[in-house]
Amino acid sequence: MNLSYHRDDILNCAQLSPILEVSAYPKPGNVHRTSDYQDTRFEHFLVSAVVIRKSINGLCNNIQNLKGEKLDYSRIRLGRHILTAVKQTKKWQSGGNTNLGAILLLIPLCAASCLLLSKDSKDWEDLRFDLDSIIKGTTYKDTLDLYKAIEIANPGGLGKVDEFDVKNEQSMEKIRESNANLYEIFELTKDRDSIAKEWVSRFKITFEIGLPYFQDIFQKSHDINITIVNTFLKIVSEVPDTLIIRKHGKKVADQYSKKAKTILERGGLLETEGRELLIDWDKKISDLDQKVNPGTTADLTISTIFAGLLSGIRF
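In this note's numbering, the protein residues as written are 4 to 318.
(1) Is the beta carbon of Ser289 closer than 8 Å to that of Ser260?
(2) What separation, rounded to the nearest whole angstrom, lies between the Cα atoms of Arg10 and Ala17?
(3) State the start and end residues of the unbroken alpha helix (DSSP H) segment that holds Val34.
(4) Mind checking Pro158: buried by the 16 CB within 10 Å criterion, or exposed?
(5) Would you check if the distance between the CB atom of Leu303 and the CB atom of Leu19 is smaller than 8 Å?
(6) Sorted by chain position, which residues of the same chain lie with C-beta nearer than 7 Å to Val53's C-beta, five sequence neighbours on each side aside?
(7) Grab the span of the alpha helix (DSSP H) containing Lys262 for me, first residue to last.
(8) Can you list, in chain order, the residues of its chain with a C-beta nearer than 8 Å to that of Asp3? Leave out the 5 residues immediately preceding and following it.
(9) Determine whether the beta carbon atoms of Gly61 and Asp148 lie at a separation below 8 Å.
(10) Taking C-beta to C-beta, are Ile305 and Ala105 nearer than 8 Å?
(11) If we call anything under 8 Å between Cβ atoms a contact, is Pro29 one with Asp285?
(12) Evaluate contact between the region 196-212 and the region 255-275, counting only Cβ atoms and requiring at least three cross-stretch pairs below 8 Å.
(13) Tell me whether the region 39-56 and the region 72-80 touch, counting them as touching only if at least three CB pairs, one residue from each stretch, are closer than 8 Å.
(14) Out of Ile66, Thr87 and Ile266, point me to the one whose CA is closest to Leu120's CA.
(15) Grouping DSSP H, G and I as helix and E and B as strand, with all else coil, what is Asn102?
(16) Inspect the beta-carbon positions of Thr87 and Phe48 and report whether they are closer than 8 Å.
(17) For Arg205, count the other beta carbons within 10 Å of its own beta carbon; 16 or more makes it buried, fewer makes it exposed. Which is it?
Below, the structure written as structure tokens:
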């Protein structure tokens, strides 16, 4: 598919995708327009989506200012722009970590989209090629900025890894010594985190599971809420949520995926039976003291919406 977009479209897509994702309902276990957490509200997510514009704008400026026939991808500084987005989010809202996962997906997507502006050919394969090149072209400086961003965002459910653990004070020095870039860091955690897996697979879930389904459902329904919720169900039915796995175990994550698949087989929001099952499931999870939060799936839904909007979908 040939892509046609402008710089402002990239900025708009980056802000609209998290706004539309959090507004879509019902998505059992997620914050949405009719469901808040005790300390994190729907409005916190709206604010977070708006204030990342400064980071995305700076990223596009940086890419457009890069000169020379052979592009030095390390000068894009993905890590710096991730850190800026996290700092802006922290400055403007007090609901905790509302968008670290989304930022980790949107920043490289926006970078590749901005880079593609200067090229005659614009299709998804071109964008994914640039995405891979940008990620592999990062340096240890980007990794250090990422770790600073994670420290500020303070996400739950990180767990512990053997090498370069975020909570290990010696990790920063080891990163410098080994010149570990972002691709190498995410390669280490790809089997326990779907966002990391996106970084090392040219965003396979986004472009091979999420986007085709998103486009198909929108063509059938012409309803953005139905499209987003059903896409959410599609992604989690095929890719068990890694945040749920880390917090509650694989059995709980598999049960969630199985339930999503069952509802999707009954049409999801497209059909009355699926809609009723989904509303009931959302209410049951909302009433739990310890909610099961498919937060990684929400982030993957955001990256899918970004791609859908960039492809020209309007409603």
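For every residue, glycine included, the Cβ atom is placed at its ideal position computed from N, Cα and C.
On the basis of the coordinates in this document:
(1) no
(2) The alpha-carbon atoms of Arg10 and Ala17 are separated by roughly 11 Å.
(3) Run containing Val34: none; DSSP gives neither H nor E here.
(4) exposed
(5) no
(6) Gln18
(7) Element bounds for Lys262: Lys253 to Glu268.
(8) Residue 3 is absent from the model: the chain starts at 4 and stops at 318.
(9) no
(10) yes
(11) In contact: Pro29 and Asp285 (Cβ atoms closer than 8 Å).
(12) no
(13) No contact exists between the region 39-56 and the region 72-80.
(14) Ile66
(15) coil
(16) 8 Å or more divides the Cβ of Thr87 from the Cβ of Phe48.
(17) Buried: at least 16 other Cβ atoms inside 10 Å.
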